[in-house]
Amino acid sequence: MPIEIYLNVAASGLLTGLVYGLMALGLSVIFGVVRVVNFAHGEMMTVGMYIAILAFTMMGLDPLIMMIPIAAILFVFGYLMQAGLINPFINRPEHSQFMLLVAVALILVNLQLIFFGPDARGVQTSYSFDSYQIGPVIVDAAKVYAAGAALAVAGALFAFFRFTLVGKAIRACADNYHGALVVGLNVKQLYALTFGLGAACVGAAGAMLVPIIDVTPTIGPAYTLLAFVIVITGGLGSMPGALLGGVLIGVTEALGGVLFSPSAKSMFAFAILVLVLLFRPQGILGRKLS
Amino acid sequence: MIRHLLDGVPRAGIVMLLALLAALVIAPFLVGGYLLSVLFLILYFAYVGQAWNIMMGFAGQLSLGHSLYVGLGAYAAAALYVHFGISPWIGLGASIVISGLAGAVIGFLAFRFGVAGVYFAILTIAFAEFARIGFDHFTWVDGSSGFFLPVENYRQNDFWNLRGSPTMFYYLMLGMTVAALVLCHLLLKSRVGYYWLAIRESPEAAQALGINIFKYKMYAVVLSAAMTSLAGVVFAFYYNNLFPEQIFHISRSIELILGPIIGGVGTLVGPLVGAFLLTALAEGLREVMLQIGVEVPGVKQVFYGFCLLWVVIFLPEGVWPPLAKLLGFNKPERED
Chain A
16 MPIEIYLNVA ASGLLTGLVY GLMALGLSVI FGVVRVVNFA HGEMMTVGMY
66 IAILAFTMMG LDPLIMMIPI AAILFVFGYL MQAGLINPFI NRPEHSQFML
116 LVAVALILVN LQLIFFGPDA RGVQTSYSFD SYQIGPVIVD AAKVYAAGAA
166 LAVAGALFAF FRFTLVGKAI RACADNYHGA LVVGLNVKQL YALTFGLGAA
216 CVGAAGAMLV PIIDVTPTIG PAYTLLAFVI VITGGLGSMP GALLGGVLIG
266 VTEALGGVLF SPSAKSMFAF AILVLVLLFR PQGILGRKLS
Chain B
32 MIRHLLDGVP RAGIVMLLAL LAALVIAPFL VGGYLLSVLF LILYFAYVGQ
82 AWNIMMGFAG QLSLGHSLYV GLGAYAAAAL YVHFGISPWI GLGASIVISG
132 LAGAVIGFLA FRFGVAGVYF AILTIAFAEF ARIGFDHFTW VDGSSGFFLP
182 VENYRQNDFW NLRGSPTMFY YLMLGMTVAA LVLCHLLLKS RVGYYWLAIR
232 ESPEAAQALG INIFKYKMYA VVLSAAMTSL AGVVFAFYYN NLFPEQIFHI
282 SRSIELILGP IIGGVGTLVG PLVGAFLLTA LAEGLREVML QIGVEVPGVK
332 QVFYGFCLLW VVIFLPEGVW PPLAKLLGFN KPERED
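Residue numbers (our numbering), protein chains in the order written: chain A, 16 to 305; chain B, 32 to 367.
What follows is the structure, encoded as structure tokens:
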């Protein structure tokens with residue numbers, strides 16, 4: 016096969032990978048601060064995807080415009096979930112937290128199944144068939160817009176954590192739970208805020224993915240898993256790590272799909288995960304595990 | 032060891048377990064085919080739950096990829112039977128070796144490099160997913176199109192080749208469940224069992240006391256994997272078809288750990304109680320949906336999800352520990 020094909024596939028994997036990265040960023044932020052693994056992450060993404068599809072088919076609103084209201088809706092959902100359900104579980108053992116979120120995931124998947132049915136749905140935007148050519152590389156316009164939006168959201172989140180007082184307070188909670196309590200931070204509320212932000216990220220990522228992939232209620236668990244793989248590869252709790260992991264996994268899967276068979280592509284993602292866990296368990300950009 | 036079989040078990044507990052066993056032994060004479068298949072499923076989940084519990088409940092290592100061992104065990108025995116006509120009673124040796132090795136590899140990689148907690152759980156998922164996709168492309172066992180065992184109408188049970196009636200499988204599963212319960216009880220009374228509990232409660236403290244935590248964690252993983260693979264063998268010969276997409280799927284791993292978690296992690300009776308409750312709940316919901324004529328897919332699972340949520344929130348220890356207290360067993364099964 017000519018080299019152009021590989022370049023095209025790699026470019027497309029890179030762009031999709033940035034959106035994956037944003038999705039994983041949500042998971043990373045939640046785990047990094049709240050120390051709870053969100054096993055309902057992919058399911059929350061499909062919620063965002065279905066809202067985007069409804070808005071498009073009923074009102075003709077573009078998914079990339081809907082991204083902001085969807086992020087807001089998911090923020091509220093995530094905030095309430097942390098405040099109502101997960102906060103009492105903060106000090107419970109891991110398997111207990113896991114069960115809680117598995118139950119939430121089960122409910123979310125099946126509510127979507129009840130409301131939207133098992134058929135795959137997607138949208139045709141006006142730019143669905145547009146593409147850009149840069150030298151020998153041709154990329155889909157939809158993917159370029161999605162990747163751009165993902166970078167913008169990730170940048171905004173990064174700035175929030177870096178420069179705002181609330182963002183600094185959240186990072187303080189992540190660094191030292193008891194210390195944060197001692198200096199009088201309302202940790203439970205900050206946790207709720209963090210979970211809300213993580214949910215907003217994954218909701219926005221869902222909206223961006225709608226023009227690229229079709230959605231069924233049952234794809235949730237696969238994306239939960241993908242988010243784990245990305246976050247661990249990049250380094251749990253590291254924000255640039257999540258984006259880097261997303262790109263790495265996106266490109267690997269895309270190239271693996273061409274070189275071998277498309278159905279075997281997620282094997283490469285898992286192979287990378289195993290390698291990372293073996294040689295750099297803290298992830299590529301993660302801080303050393305204590 | 033056998034002399035201590037009944038040490039520390041309350042008399043009322045022995046009576047209750049024996050009564051349950053008696054009821055389960057005579058059940059095939061009393062219930063119809065459908066109920067028998069439900070009972071089989073309960074025993075199946077009780078058995079795999081018990082096997083998983085060794086790793087999580089005793090040694091404190093959270094595995095979310097136990098479908099890997101079920102699948103490897105099922106495929107190994109089934110492939111030997113179909114391709115070479117080897118009896119599953121011999122084939123299960125291969126199942127145990129392959130699954131045990133898989134467990135050893137995962138355990139070695141994880142415990143050597145200090146991968147623990149959530150990271151370990153995700154590593155186990157990764158291996159199961161890897162196997163799922165790998166077997167999709169493994170043509171010797173027909174890949175994603177599924178691997179089938181020859182089926183005919185059996186007038187006589189062929190126990191040697193595990194070909195026969197559901198009743199035969201039921202008794203086999205019952206025997207395995209009882210054996211697993213007794214084994215776990217003995218293990219908890221043994222040196223290894225106490226080491227595991229020490230590691231579960233505090234790996235650092237256990238290590239400081241001179242316990243080789245790597246070795247004992249490995250024992251737990253390999254034993255749990257080998258036991259789980261036997262359930263896979265029964266699964267293969269009972270259902271006669273294997274699909275990588277189903278048997279290795281993460282939902283299978285989750286399904287098989289719900290029982291012990293709902294019943295009570297680290298307890299002996301918990302996996303049994305959890306399997307009974309969850310299977311009865313699932314089948315009961317199915318029946319109710321049938322009666323009231325709701326045919327929308329997903330309604331049952333939503334109820335199921337809310338029931339799980341309720342149990343996790345209000346019974347953090349699982350169902351069994353508070354139930355044991357209620358029934359007046361002064362000494363709860365959980366060895367704290």
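Where a beta carbon is used, it is the ideal one built from N, C-alpha and C, also for glycine. It should be emphasised that the depicted structure is a prediction, and the values quoted were computed from it without experimental measurement.
In its chain, beyond the 5 residues on either side, Pro353 have a beta carbon closer than 7 Å to the beta carbon of B:Leu346.
A residue is called buried once 16 or more other Cβ atoms fall within 10 Å of its Cβ, and A:Pro78 is buried on that count.
Here B:Ser98 carries a helix assignment [DSSP, helix/strand/coil]. Burial is judged here by how many other beta carbons sit within 10 angstroms of a residue's own beta carbon; B:Gly116 has fewer than 16 and is exposed.
Each residue's CA atom was taken as its position, placing A:Arg295 and A:Cys216 some 26 Å apart.
Using a C-beta cut-off of 8 Å, the region 139-153 of chain A makes no contact with the region 246-265 of chain A, since fewer than three inter-stretch Cβ pairs fall below that distance. Contact annotation for B:Gln332 against chain A: Leu121, Asn125 [CB-CB distance below 7 Å, chain order]. With its beta carbon at least 8 Å from every one in chain B, A:His56 lies outside the interface.
Annotated three-state conformation of B:Asn272 is strand, per DSSP. Distance check between A:Ile228 and each of A:Ser143, A:Ala171, A:Val117, A:Asn201 places A:Ser143 closest, using alpha-carbon atoms only. Short of 6 Å from the beta carbon of B:Leu287, and not among the five residues preceding or following it, lie these beta carbons of its own chain, in chain order: Val79, His97. With three or more CB-CB distances shorter than 8 Å, the region 240-257 of chain B counts as touching the region 213-228 of chain B.
Going by C-alpha positions, A:Ile45 is about 28 Å away from B:Asn84.
For a cut-off of 8 Å, the C-beta gap from A:Thr61 to A:Gly218 is around 10 Å, too long to register as a contact.
Among the CB atoms of chain B, one or more fall inside 8 Å of the CB of A:Ser281. The beta carbon of A:Met114 sits closer than 8 Å to some beta carbon of chain B.
Within 8 Å of the CB of A:Pro277, no CB atom of chain B is found; the nearest one sits about 11 Å away. The beta-carbon of B:Tyr335 is placed less than 8 Å from the nearest beta-carbon of chain A. Taking a Cβ-Cβ cut-off of 7 Å, the neighbours of B:Val146 in chain A comprise Leu292, Pro296, given in sequence order.
Among the CB atoms of chain A, none fall inside 8 Å of the CB of B:Phe142. Per DSSP, the unbroken alpha helix (DSSP H) holding A:Tyr65 starts and ends at 56-74. Taking a contact to require three or more Cβ pairs closer than 8 Å, the region 160-169 of chain A and the region 25-34 of chain A qualify as touching.
Secondary structure within the region 214-242 of chain B: not one fully enclosed beta strand (DSSP E) run of 3 or more consecutive residues is present.
Note that the C-beta distance between B:Val350 and B:Gly305 is below 8 Å.
In the three-state reduction of the DSSP assignment, B:Gln187 falls in the coil class. The beta carbons of B:Ala159 and B:Ile292 sit no closer together than 8 Å.
One thing to note: B:Leu111 has its Cβ no nearer than 8 Å to the Cβ of B:Ala133. If you draw a straight line from the Cα of B:Val136 to the Cα of A:Ala98, it is about 40 Å long. A:Gln148 is bridged by DSSP to A:Ile153. For A:Asp190, the enclosing alpha helix (DSSP H) has its first and last residue at 180-190. Secondary structure note for A:Phe294: its alpha helix (DSSP H) is the uninterrupted segment 280-294. For B:Gln332, the enclosing alpha helix (DSSP H) starts and ends at 330-345. Close CB contacts of A:Ala207 within its chain, under the 6 Å cut and outside five residues either way in sequence, are with Tyr94, Gln97, Ala98 (chain order). Under DSSP, the beta-bridge partners assigned to B:Phe178 are B:Leu273.
Residue burial annotation: B:Glu326 is exposed, with fewer than 16 other C-beta atoms found within 10 angstroms of its C-beta.
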